[in-house]
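Residue numbers (the numbering used here): 945 to 2074. To keep things clear, I will list the structure first and then write my remarks on it.
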RNA sequence: AGAGAUGUGGCCAAGAUGGUUAAGGCAUUUGACUGAUACUCAAAAGAUCGUAGGUUCGAUUCCUAUCAUCUCUACCA
């Protein structure tokens, strides 16, 4: 006796999830999916560590579904796929969370709370979210090794990162530099861009702005004494001005006018496009009433006139007098105070000439450096070079009367705020000195420190940099070898980013992160970069010996312990660690190496690949996937480190998925309340429906508009349907004791062998052909990282072909009485379809597929695998694919559909038999194809015969259309006329073309030889018939209902009503009945001719016709025909 | 501000390499099958493919411009 196929009541995907999770857990399926592939070729996957500072959202389900799908697929393809989970544990978000939780600020660390305690708190915070993430990982069916994750705060991880940093250091790729960063003087700390993007940081403020006049020195382009106009919203930076930047291609003009504050005649230079914006209000073009000669200071209108034009490039190099000569740049002052070119200059606002203060603007610093203009740095009391503003935000003593004043009034304490800000006083001074062209208030957004709520300064700070620009070309080259999904992200967003690459600022002045392993002597002249713990130990020993200390290796490599370590330089000086931490993005970009503690352990995993040696490999990744927001984040840092340290790509293929938006296309956010809870979604619809929906509703790289209704539809349509098909199968398979190869009483030809596909019915061969075509396509899609296409094809197969055609047409084969080879073939065919489908679906829908697989396989024991995820992906049986067969069934489906539409048009129900279908035949092949599915069509649409109509039967009028593809190139612009001519071809002419395969077409006086392929012929209409068309197929239906047909129709209606009554009365399927029908004239023939048929269909052993029936039910058969019926169980 | 992506019926969404009727699904309306099951199936209606130009015999598809939405990076006069 065969084992039973499990029959399931209703489909509860959430319940399936639970069952399968328990099963996987109990049987260690994930672990075994790797163990069983030991020794197989590796498929390398990197898990991007989630930053553990936030709760997982629905978009993480998308990203992880993508990752999981391809890892499962590759496992099924026989690859060994290791997936180490990882946690991004460092960085500001964690620190902020901790500070918020403890109610402290950065300054309190080391005072109110020890750094050790703080450190512990950070670790705890990370662990707190880990549980939630693990929970989601498990519930959504994401297989990743959670038992041995890499954690970026572990000493081993840090050691690997140090090793990488040291490698960069040795290659001269690390340097210390001075850059402009957001800085909060009130808090005394630099701010990361993350901090600036806290909500509420950008506030609208009103600043005093100055358009200053910079007096040009003698030159060949401008007249004596001309001024450059430059606008600033931060007048306090004007004393630090060392250059003016123009756009080389921008057109500038010289304008003659008067200074509105002093009344002095002036000539000023500004962008031509901005003259109208600048010369407003009092300024009027010179005219007869308004002349330069007649102008007097104080009068209402000030004349102006454009005198000359130049290109920005002409102005470059002109020197000008320093605007506010409080100090001179310490370095190369002779290079300062000249006009330079910069591509960031626009004519949107200001004057088209940009006041450039390299100490306080990132662009300024960049453009000045490129042009060799020095920043305004002066030597301080300690001999260090510093800007004119100190770290408290005060002007230095060099600033004379301004010395000691805060540059922004906001920095003063309550009560100390002066009446006029430095900006205002500077503006007044410039007005008096004929150096201010215009002073105005200006409203704009300006970043504020989230902690002190005071404006941020852009301020030069010491930072460590990775010389990424040195590897730029190589990064671009290697990027071209990466398979980006979608391609545009790799070429556009990422490629563009690489083209404009800047050096990577590594420094962060925080506590919770990987410390920069660089120690320096006090004068900064000697330094050491540590590349391993052994290295550090050796240096500590050396320092202990040289300096007489008793230092031990810190148990924890974080601050502050590491800061206490003092090393010694070659010539015996003390060295202190640079206090910076490194950018957390470097942490995550190091994961390919650090997750394995490379090169201190697992060295071969990476070296095998680098040296092209046989053996297991863990580098580079064959595949990674994250959100498109990681393009300049993780995707970049992986690529940069891979290129710089190993001259290799870090990943060969990358899928960057889009955002998950709400159903209206808006970004999800907690504040809008439109965020979707992944846990709720999964428990409501099941993980599989969620995954399937997210992967197939839109390409992963397009944004997904998350719509619950569509998600539910996925559940119903795909999983519900497949589940029903399975249940149908299981129910009858159990009755007939199907074991995969045999039925009760119908043994397999040979033990463990299927009936060869070629020996099965055509309809079986058809679905098998379809199935193999599907396998081929899905395999190709998965290997090309196209899950959407793969999933849609599977869904299409299940819906249109398997459930709606194959099962429907073959239902009777499963429940008919006799057991024979035909029935066995039906079971085997359906079994093979279902089993193959579980494997095709498994990568996307791991739970349901395994549930189904086990339900099938446990009964037959055909495969030894205990889970679909341990099985292998199906291989294509090319010999089973029969495209002719697929085509003719496609014809059958379409012809049936056309006939149905015709019946519908005349309101003739399918139970009413009809006599004839006419099918115009366009070629012999078509007729041959349709003939072999003729009986199928006739029974499906309940029609008696199908007649093929050959040409010229008189019924058919043919229509010719040009085939643009073949004619287009030949005819060119004669196409329009040719189209008309061809469409006007007579029946005779078309016939001639068909017979001789030649036709001379005359168009516009020219003659063209046409063959049949130049023309598309379709049959148009058939006189007197109802006709429907679907592309090349035309169908005509004889809708005349003869009396015989009518009677037969009534019989069928009668059967239907009786069946319904049986069902309503809960009779068993096998119950025999007596049928009593009230006598009626219209029904007399029906009962006479079709009585046997009726009895057979409804299992009636006798049929009584009585004059009047008291009991029973009155039912309507068709319009105007009702009858009273009764049935009784015998 | 720069870079990138997207814009096809009420909604979701196919449509590499220009060509004859622009898939399919949901929703809507109408009807139908069914003794496995099932809010299943079928039909009808609904789009000149963001807008404007251009190339071409012919453009949803190629080019240019423009608008809108979104993302990333930056915040600079």
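Yeah, the Cβ is synthetic: ideal placement off N, Cα and C, and Gly gets one too. The structure presented is a predicted model; accordingly, all values stated were derived computationally and were not measured.
Neighbourhood of residue i by C-beta distance below 6 angstroms, restricted to the same chain and skipping five residues each side
i, result
"residue 1712", "1701, 1824"
"residue 1011", "1569"
"residue 1678", "948, 949"
Within 9 angstroms, strictly: CB atoms of residue i and residue j
i, j, result
"residue 1672", "residue 1758", "yes"
"residue 1210", "residue 1228", "no"
"residue 1451", "residue 1408", "yes"
"residue 1077", "residue 1474", "no"
"residue 1255", "residue 1159", "no"
"residue 1519", "residue 1470", "yes"
"residue 1641", "residue 1654", "yes"
"residue 1820", "residue 1716", "yes"
"residue 1531", "residue 1577", "no"
"residue 1845", "residue 1972", "yes"
"residue 961", "residue 1083", "yes"
"residue 1978", "residue 1962", "yes"
"residue 920", "residue 1197", "Since the first residue shown for the chain is 945 and the last is 2074, residue 920 is missing from the structure and cannot be characterised."
"residue 1540", "residue 1104", "yes"
"residue 977", "residue 1583", "no"
Anticipated Cβ contact below 8 angstroms, residue i with residue j, distance rounded
i, j, result
"residue 1129", "residue 1401", "6 angstroms"
"residue 1190", "residue 1285", "6 angstroms"
"residue 1501", "residue 1459", "7 angstroms"
"residue 1779", "residue 1746", "Not confirmed; about 12 angstroms, so no contact."
"residue 1564", "residue 1595", "6 angstroms"
Residue i, enclosing alpha helix (DSSP H) - first and last residue
i, result
"residue 1488", "1477-1491"
"residue 1667", "1665-1679"
"residue 1790", "1790-1804"
"residue 1072", "1059-1083"
"residue 1858", "That residue, residue 1858, is in no alpha helix (DSSP H); its beta strand (DSSP E) goes 1858-1864."
Distance between residue j and residue i (C-alpha atoms, nearest Å)
i, j, result
"residue 1305", "residue 1175", "14 angstroms"
"residue 1628", "residue 949", "27 angstroms"
"residue 1468", "residue 1274", "20 angstroms"
"residue 1073", "residue 1033", "10 angstroms"
"residue 1216", "residue 1177", "21 angstroms"
"residue 1479", "residue 1555", "26 angstroms"
"residue 1550", "residue 1533", "15 angstroms"
"residue 1775", "residue 1913", "51 angstroms"
"residue 1241", "residue 1222", "19 angstroms"
"residue 1719", "residue 1727", "12 angstroms"
"residue 1865", "residue 1905", "17 angstroms"
"residue 1731", "residue 1674", "30 angstroms"
"residue 1956", "residue 1740", "35 angstroms"
Proximal residues to residue i (C-beta, below 8 angstroms), its chain only, five neighbours per side dropped
i, result
"residue 1840", "1881, 1884, 1885"
"residue 1079", "1623"
"residue 1991", "2029, 2030, 2033, 2034"
Beta-carbon proximity list for residue i, same chain, < 7 angstroms, skipping 5 on both sides
i, result
"residue 1185", "1267, 1299, 1300, 1301"
"residue 1355", "1129, 1130, 1337, 1398"
"residue 1425", "1593"
"residue 1374", "1154, 1156, 1380"
"residue 1021", "1817"
"residue 1490", "1512, 1516"
Beta strand (DSSP E) segment containing residue i, residue limits
i, result
"residue 1428", "1427-1429"
"residue 1247", "1246-1255"
"residue 1473", "1471-1473"
"residue 1089", "1089-1095"
"residue 1221", "Where residue 1221 is concerned, there is no enclosing beta strand (DSSP E), although the alpha helix (DSSP H) it sits in stretches over 1219-1222."
"residue 1200", "1195-1202"
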